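**Student:** To start, I am sharing the structure in question, which I have written as structure tokens.
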Amino acid sequence: MPQEFKRQYKEILEQYTLRQTEHNLYEGQNFSRQLIQKNISPEEVISIHKASLEEIIPNLSADVSHSFDLLIEVMIRYGLALKEHQTLIKKQENFKMEMELASNVQQTLLKTKIPNMFGLDIGMISVPAQEMNGDYAYFLNDETSVGVAVADVIGKGIPAALCMSMIKYGMDSLTGAKTDPIVVLDVINRIVEKSVSDSMFISMFYGTYNTTRSEFTYASAGHEPPLFYCAKSERFTELQAKGLLLGVVPNVKYEQHSVVFDKEDFVVMMTDGVTECRSKEGFIEQQTVMDIIESVRDESAQAMVEYVYKKLEELQDFEQRDDFTLVIFKKI
Amino acid sequence: MPQEFKRQYKEILEQYTLRQTEHNLYEGQNFSRQLIQKNISPEEVISIHKASLEEIIPNLSADVSHSFDLLIEVMIRYGLALKEHQTLIKKQENFKMEMELASNVQQTLLKTKIPNMFGLDIGMISVPAQEMNGDYAYFLNDETSVGVAVADVIGKGIPAALCMSMIKYGMDSLTGAKTDPIVVLDVINRIVEKSVSDSMFISMFYGTYNTTRSEFTYASAGHEPPLFYCAKSERFTELQAKGLLLGVVPNVKYEQHSVVFDKEDFVVMMTDGVTECRSKEGFIEQQTVMDIIESVRDESAQAMVEYVYKKLEELQDFEQRDDFTLVIFKKI
Amino acid sequence: MKLKSSVDILSEWDIVAARQLGRNEAKEVGFGTVDQARITTAISELARNIYLYAGKGNIEIKQITQGNMQGLLVIASDQGPGISDVRKVMEDGYTTSGGLGAGLPGVKRLMDDFKIETIFGEGTTISATKWLR
Amino acid sequence: MKLKSSVDILSEWDIVAARQLGRNEAKEVGFGTVDQARITTAISELARNIYLYAGKGNIEIKQITQGNMQGLLVIASDQGPGISDVRKVMEDGYTTSGGLGAGLPGVKRLMDDFKIETIFGEGTTISATKWLR
Ligand SMILES: [Mn+2]
Ligand SMILES: [Mn+2]
Ligand SMILES: [Mn+2]
Ligand SMILES: [Mn+2]
Chain A
161 MPQEFKRQYK EILEQYTLRQ TEHNLYEGQN FSRQLIQKNI SPEEVISIHK
211 ASLEEIIPNL SADVSHSFDL LIEVMIRYGL ALKEHQTLIK KQENFKMEME
261 LASNVQQTLL KTKIPNMFGL DIGMISVPAQ EMNGDYAYFL NDETSVGVAV
311 ADVIGKGIPA ALCMSMIKYG MDSLTGAKTD PIVVLDVINR IVEKSVSDSM
361 FISMFYGTYN TTRSEFTYAS AGHEPPLFYC AKSERFTELQ AKGLLLGVVP
411 NVKYEQHSVV FDKEDFVVMM TDGVTECRSK EGFIEQQTVM DIIESVRDES
461 AQAMVEYVYK KLEELQDFEQ RDDFTLVIFK KI
Chain B
161 MPQEFKRQYK EILEQYTLRQ TEHNLYEGQN FSRQLIQKNI SPEEVISIHK
211 ASLEEIIPNL SADVSHSFDL LIEVMIRYGL ALKEHQTLIK KQENFKMEME
261 LASNVQQTLL KTKIPNMFGL DIGMISVPAQ EMNGDYAYFL NDETSVGVAV
311 ADVIGKGIPA ALCMSMIKYG MDSLTGAKTD PIVVLDVINR IVEKSVSDSM
361 FISMFYGTYN TTRSEFTYAS AGHEPPLFYC AKSERFTELQ AKGLLLGVVP
411 NVKYEQHSVV FDKEDFVVMM TDGVTECRSK EGFIEQQTVM DIIESVRDES
461 AQAMVEYVYK KLEELQDFEQ RDDFTLVIFK KI
Chain C
287 MKLKSSVDIL SEWDIVAARQ LGRNEAKEVG FGTVDQARIT TAISELARNI
337 YLYAGKGNIE IKQITQGNMQ GLLVIASDQG PGISDVRKVM EDGYTTSGGL
387 GAGLPGVKRL MDDFKIETIF GEGTTISATK WLR
Chain D
287 MKLKSSVDIL SEWDIVAARQ LGRNEAKEVG FGTVDQARIT TAISELARNI
337 YLYAGKGNIE IKQITQGNMQ GLLVIASDQG PGISDVRKVM EDGYTTSGGL
387 GAGLPGVKRL MDDFKIETIF GEGTTISATK WLR
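Protein chains in written order, with our numbering: chain A, 161 to 492; chain B, 161 to 492; chain C, 287 to 419; chain D, 287 to 419.
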């Protein structure tokens, strides 16, 4: 038994038996912090308590003394559980370091550069719920066109992150930003269908904006529909486009549509981590999300996506349940 | 305070104060198993003990009674640590399930088919040290040629596994099995160099066997040299080829060499998980590995790799420290 | 019956005062010894956090009822620097607050309801309730 | 001084006998109350494992010395089915043995040295030593 702890504890106990003050209990509490830090097990605490009490009350009845031996016996298992906890904490820390490294690797692997386009303001944010991101946003561009892919593996964590790397290499194999959205989805669908087991599905949206014609052409593989904001009418509409999730069957017919932007119009592309935010009271309404976006429509696209993330994080009580990705294209 | 536990504990304590037998302590011990399973916290145990003692010894001194209040105060933190442990155990279980899923995803993503070639017997085994594999073997083939890539990310676990997916997509972008090994390494090196952070390196061997000419052409990016076994002389030689690890610099000059096979000759390609096996007594000698391989030279290539794995697993006391990959090409 | 009371936290002594207040109120509501100790430990952690990270603040204790449930509400507020990463602070084993079972996750476990509001640079308010069973 | 002694484990009563033997020997060597309880708990777990999984077996207790160190060696042996996956049985939180801190990882933690030898289908021998400090 660590003699120094015994001495300190006896002093606190002695004071407390004399006067039952809150201050003495506070000292006991602070002392227990130290005990835990020094790996003193609960059965040792009982043993220290017993020895102290025997010194403080010299004629302590044998019954009381014995009773502590039973208590020590009972506490042994609690001590074991605590030691098990310390092992697990160490494991957990190692795992965290591995995940941090993995998350860095993923960020380097999947990094994409937000292009600088004439007449178009682009904002992007992608925040994983856990260490690894199962959402993905990727940009392709040339002089007059900028393409953007937004994808979400159904599920999150490491399995989703592994799948996501596939989309990246698929996108890398494409030739340019002008490729038709339905062609892009078809190429990626074939890759996913070939490489991924039947239980893994990916939703993906692909859109390409032509700065000369201010035209946004898009297609969707079972992905969350983007919101198009018309500045003139001050109204949102969903950009619907039918198409099956990636990886289900090799041949899918995707729909392609376009919309022409006026100045200040913007499109908000996202994953279901944005629309399926939950607060304690239930799902956050689409109208709420729209109101939040509209309230910052005059900000830059990047400021907009960051503001929306912060607001939704707050509404969710800082418990992010799914990966969150938001991309805004705004004509300026 | 759960009344039923109180009643049971009081009975045990009463018996124990009467007679301090081992049997009573054993009952206390068994009882504590139940307490822990029912999430009774240590501070509650003290409280139960106090209440029981007060009933068993009606004239218990106030000092003793008070002393338990301090003990309860001290135990609160131990109770918290225990609850934290239960949370962590649940997390750990979820994580295990996630890793199993991730490992399945990886196996599906990286799956490769061992080709069936006329005149060449091929065997392959790849076993990860943890759930995820940071080693990779991949086959390409046409009528007369079969190419094989064997790669190892420096490091293991999830970060390594993420990197590995890159090699797969790089290989997929190649046109055929006849591509020169130095061209293959050059293509993959450029991909890796572009996508991976400076702290991640990959060693890779690429060889292609022409069944018409019985010729094996190969190049290496800092990879473990394969062992070539000449059946006639019954001797092993290392197939050396200079070349930097993948991902260090964009332009690397690789060396390309060839060797012609006679009947029964074979080449053993591997990762350092094979050569750096350790037993309790230290590293396992290369000669030992060679002896093991030679002892089964008359078996099929697949039987050979499986036998070598089993033997080395045994020598290592079943503690596999690194991912283990072995490929054999044997002329028949 | 005093239904609301509070203690300003300016020195370490005030931590003891807040504990004392909490224990008295807990006794009054009818909590047993173990729950009294839990509530007091929670108050202790909250007050200590204020003292260590915000410098000063306030602990308010309220007896509350909801339907036929009775409980004790503890509100810890400060105008300190705020918490920049709430998720991280609420994580187990995050060791700034002294290891095993301590810190805000500990407070959450000791009480039944727990809510944290923080504005970076403006301060933090934590509300925690324990219900009588 | 009796230096070696053993108990056959055939019924639950024998678990208590093994514990008693272990406690007596531990006392004799000079272990304090807490260590006595730890050694006894370890013996309890080992004997219980024999009783539950092998049906019958033996617990042997030896007082040992090494240099100027004194200790107690517990050997639990059975001719039961053996352990098919030692790695798994030694894993924490592997819940067949009744949860938190129990089972063989618990025994390993309670003692200073721990060795397990098992042949599938032939039986298991576990040796665990506690040294007097
Ligand atoms: Mn997802
Ligand atoms: Mn999602
Ligand atoms: Mn490796
Ligand atoms: Mn390796």
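Where is the CB? At the ideal position from N, CA and C, for every residue including glycine.
Predicted model, so just to flag it, every value in this text is computed and none were measured.
Quick check: is the beta carbon of residue 393(C) nearer than 7 Å to any beta carbon in chain A?
**Tutor:** No, because no Cβ of chain A sits closer than 7 Å to the Cβ of residue 393(C).
**Student:** Please determine whether the Cβ atom of residue 316(B) lies at a distance below 6 Å from any heavy atom of ligand 3.
**Tutor:** Checking the Cβ of residue 316(B) against ligand 3 gives yes.
**Student:** Could you name the residues of the same chain whose beta carbon sits closer than 6 Å to that of residue 277(A), not counting the 5 residues immediately before and after it, in chain order?
**Tutor:** For residue 277(A), where only same-chain residues beyond five positions count, the Cβ hits under 6 Å are 306, 371.
**Student:** Grouping DSSP H, G and I as helix and E and B as strand, with all else coil, what is residue 487(A)?
**Tutor:** In the structure shown, residue 487(A) sits in a strand (DSSP, three-state: E or B).
**Student:** Using the beta-carbon of each residue, which ones in chain A are nearer than 8 Å to residue 319(C)?
**Tutor:** Result: empty, since nearest Cβ-Cβ is about 11 Å, beyond 8 Å.
**Student:** Using a beta-carbon distance below 7 Å, is residue 207(B) in contact with chain C?
**Tutor:** Yes, residue 207(B) counts as interfacial toward chain C.
**Student:** Comparing the CB of residue 312(B) with every heavy atom of ligand 1, is any distance shorter than 6 Å?
**Tutor:** Residue 312(B) Cβ: outside cutoff for every heavy atom of ligand 1.
**Student:** So residue 359(B) and residue 382(B) are in contact, right, with Cβ under 8 Å, and what is the actual spacing, rounded?
**Tutor:** Not quite, the Cβ-Cβ distance comes to about 15 Å (not below 8 Å), so this is no contact.
**Student:** Compile a chain-ordered list of the residues in the segment 247-259 of chain A whose CB is closer than 7 Å to at least one CB of chain D.
**Tutor:** Flagged, chain order: 247, 248.
**Student:** Can you tell which of 458(B), 224(B), 195(B), 243(B) has the C-alpha that lies nearest to the C-alpha of residue 233(A)?
**Tutor:** Nearest C-alpha to residue 233(A): 195(B).
**Student:** So, does the segment 294-305 of chain C touch the segment 468-477 of chain B, judging by three or more C-beta pairs under 8 Å?
**Tutor:** Touching, no.
**Student:** Only counting the same chain, and skipping five residues up and downstream in sequence, which positions put a Cβ closer than 8 Å to that of residue 446(B)?
**Tutor:** Within the same chain, residue 446(B) has close Cβ partners 435.
**Student:** Need the endpoints of the beta strand (DSSP E) that residue 395(B) sits in, please.
**Tutor:** Residues 395-398.
**Student:** Can you have a look at residue 396(A) and say buried or exposed, based on whether 16 or more other CB atoms are within 10 angstroms of its CB?
**Tutor:** Burial call: buried.
**Student:** Quick check on residue 186(B) - is its C-beta less than 7 Å from some C-beta in chain D?
**Tutor:** Output row for residue 186(B): interface = yes.
**Student:** Is the shortest distance between the beta-carbon of residue 327(C) and the beta-carbons of chain F less than 7 Å?
**Tutor:** You won't find chain F in this structure, because its protein chains are A, B, C and D.
**Student:** For the putative contact between residue 488(B) and residue 283(B), defined by C-beta atoms under 8 Å, what is the C-beta separation to the nearest angstrom?
**Tutor:** With 8 Å as the limit, residue 488(B) and residue 283(B) qualify as a contact, their Cβ atoms being about 4 Å apart.
**Student:** Residues in the same chain with beta-carbon distance under 7 Å from residue 402(B), minus the five sequence neighbours each way, listed in chain order, please.
**Tutor:** The residues are 415.
**Student:** Can you round the beta-carbon distance between residue 461(B) and residue 281(B) to whole angstroms, since I take them to be within the 8 Å contact cut?
**Tutor:** Yes, residue 461(B) and residue 281(B) are in contact; Cβ-Cβ is about 4 Å, under 8 Å.
**Student:** From 349(A), 387(A), 479(A), 429(A), pick the residue whose C-alpha is nearest to that of residue 404(A); which is it?
**Tutor:** It is 349(A).
**Student:** Give me, in chain order, the residues of the same chain whose beta-carbon lies closer than 7 Å to that of residue 180(B); leave out the 5 immediate sequence neighbours on both sides.
**Tutor:** For residue 180(B), where only same-chain residues beyond five positions count, there are no Cβ hits under 7 Å.
**Student:** Measure from the C-beta of residue 189(A) to each C-beta in chain C and report whether the shortest distance is under 7 Å.
**Tutor:** So, interface residue.
**Student:** Check whether the Cβ of residue 358(B) sits closer than 6 Å to any heavy atom of ligand 1, and report yes or no.
**Tutor:** No, the beta carbon of residue 358(B) sits no closer than 6 Å to any heavy atom of ligand 1.
**Student:** Residue 235(A) and residue 266(A): beta carbons closer than 7 Å?
**Tutor:** Cβ distance not < 7 Å, so residue 235(A) and residue 266(A) don't count as in contact.
**Student:** Compare the Cα-Cα distances from residue 334(D) to each of 438(B), 193(B), 263(B) and report the closest residue.
**Tutor:** Among 438(B), 193(B), 263(B), the Cα nearest to that of residue 334(D) belongs to 193(B).
**Student:** Here's the rule I'm using: 16 or more other beta-carbon atoms within 10 Å means buried, otherwise exposed. How should residue 471(A) be labelled?
**Tutor:** With 16 or more other Cβ atoms within 10 Å, it is buried.
**Student:** For residue 378(C), would you say it is in contact with chain B, using Cβ-to-Cβ distances shorter than 7 Å as the test?
**Tutor:** Yes, residue 378(C) counts as interfacial toward chain B.
**Student:** Are there any heavy atoms of ligand 5 lying less than 6 Å away from the beta-carbon of residue 294(B), as far as the coordinates show?
**Tutor:** Ligand 5 is not part of this structure, which contains only ligand 1, ligand 2, ligand 3 and ligand 4.
**Student:** Decide if residue 492(B) is buried, meaning its Cβ has at least 16 other Cβ atoms within 10 Å, or exposed.
**Tutor:** With fewer than 16 Cβ atoms within 10 Å of its Cβ, residue 492(B) is classed as exposed.
**Student:** Locate the beta strand (DSSP E) running through residue 300(A), then write down its first and last residues.
**Tutor:** Segment 295-301, the beta strand (DSSP E) holding residue 300(A).
**Student:** Go to residue 320(B), then tell me how far its alpha helix (DSSP H) extends in each direction, as first and last residue.
**Tutor:** From DSSP, the alpha helix (DSSP H) with residue 320(B) extends over 317-332.
**Student:** With DSSP run on the structure shown, which of helix, strand or coil describes residue 339(B)?
**Tutor:** Note: residue 339(B) maps to coil in three-state DSSP.
**Student:** Using 7 Å as the limit for Cβ to Cβ distance, is residue 304(D) near chain A?
**Tutor:** False, the Cβ-Cβ gap to chain A never drops below 7 Å.
**Student:** Keeping to the same chain, check which residues put their C-beta closer than 7 Å to that of residue 392(D); ignore five residues upstream and five downstream.
**Tutor:** Answer for residue 392(D): 331, listed in chain order.
**Student:** Using only the alpha-carbon positions, how far apart do residue 360(D) and residue 312(D) sit?
**Tutor:** Roughly 11 Å between the two C-alpha positions.
**Student:** Between the Cα of residue 454(A) and those of 166(A), 389(A), 480(A), 326(A), spot the shortest distance and give me the residue it belongs to.
**Tutor:** Closest option to residue 454(A), Cα to Cα, is 389(A).
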